[in-house]
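To start, the structure under review is shown below, and the notes come after it.
In the working numbering, the protein residues as written are 641 to 842.
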């Protein structure tokens, strides 16, 4: 299966292109109902773009928090003197708390089966994250197999069929969010590898 999120327009652009309601426009040859329906069609497209923009903000926030976490847990942190490490930790905590002040919520309508499917998918991903400390190589391999389940073509490794089957029970919006979450985790693994290589070369 292929899950590819579509980027939306910036909110400022959306606001600038909102349709204008002109009730006194007597030159229009269209019936009032048709004119109203056309405006509603335009507004609906703007609502969908707004949802995509909000989802992008959610993704950016998660990526920032993930990167901050990777900095705080890097082995390089433990090479610092105690006072320096405290200074860096306080700075990182301040940035993280600032990031957490941004709250965006895009509600997705789900039936009971879709709720259960999403719960199972998140449980599998949470298990992957929990195993990161004990066996990062296995966690990365599992993450790649989950990511392959979201894509039409296998990039590397195998596809986890159980994860794919469960993911298919989720809504399209949830499938896109899951793919973004997995991509964020893969980026996290890559950052950890870069940090490890830099430390080995020091």
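Yeah, the Cβ is synthetic: ideal placement off N, Cα and C, and Gly gets one too. All figures in this text were calculated on a predicted structure; none of them were measured in a lab.
Using the beta-carbon count (16 or more within 10 Å), is residue i buried or exposed?
i, result
"residue 582", "A query on residue 582 cannot be resolved here, the shown segment of the chain reaching from 641 to 842 and no further."
"residue 751", "exposed"
"residue 727", "exposed"
"residue 814", "buried"
"residue 737", "exposed"
"residue 749", "exposed"
"residue 792", "exposed"
"residue 778", "exposed"
"residue 680", "exposed"
Please say whether residue j and residue i have beta carbons closer to each other than 8 Å?
i, j, result
"residue 809", "residue 772", "no"
"residue 694", "residue 742", "no"
"residue 820", "residue 699", "yes"
"residue 790", "residue 768", "no"
"residue 658", "residue 686", "yes"
"residue 714", "residue 824", "no"
Nearest-angstrom Cα distance between residue i and residue j?
i, j, result
"residue 817", "residue 692", "11 Å"
"residue 646", "residue 724", "Confidence at residue 646 is low in this model, with a pLDDT of 46, below 50, so its placement is unreliable and no value can be given for it."
"residue 730", "residue 684", "44 Å"
"residue 800", "residue 671", "54 Å"
"residue 788", "residue 807", "12 Å"
"residue 837", "residue 677", "Note on residue 837: pLDDT 49, under 50, position unreliable in the model; the coordinate value appears next. If I take the Cα positions, the gap works out to 59 Å."
Considering just the uninterrupted stretch of the alpha helix (DSSP H) at residue i, what are its terminal residues?
i, result
"residue 739", "722 to 740"
"residue 703", "672 to 712"
"residue 658", "Looking at the DSSP string, residue 658 is not in any alpha helix (DSSP H), and its letter there is neither H nor E."
"residue 806", "801 to 807"
"residue 766", "752 to 770"
"residue 716", "That residue, residue 716, is in no alpha helix (DSSP H); it is neither H nor E in DSSP."
"residue 782", "776 to 789"
By Cβ distance, which residues of its chain are closer than 8 Å to residue i, with the 5 residues on each side in sequence left out?
i, result
"residue 701", "739, 742 and 744"
"residue 711", "717 and 732"
"residue 822", "765, 783, 786, 787 and 790"
Residues in its own chain within less than 6 Å of residue i by CB, not counting five upstream and five downstream?
i, result
"residue 649", "Since pLDDT at residue 649 reaches only 49, below the 50 mark, its modelled position is unreliable, and no value is offered."
"residue 798", "785"
"residue 697", "744"
By Cβ distance, which residues of its chain are closer than 7 Å to residue i, with the 5 residues on each side in sequence left out?
i, result
"residue 760", "806"
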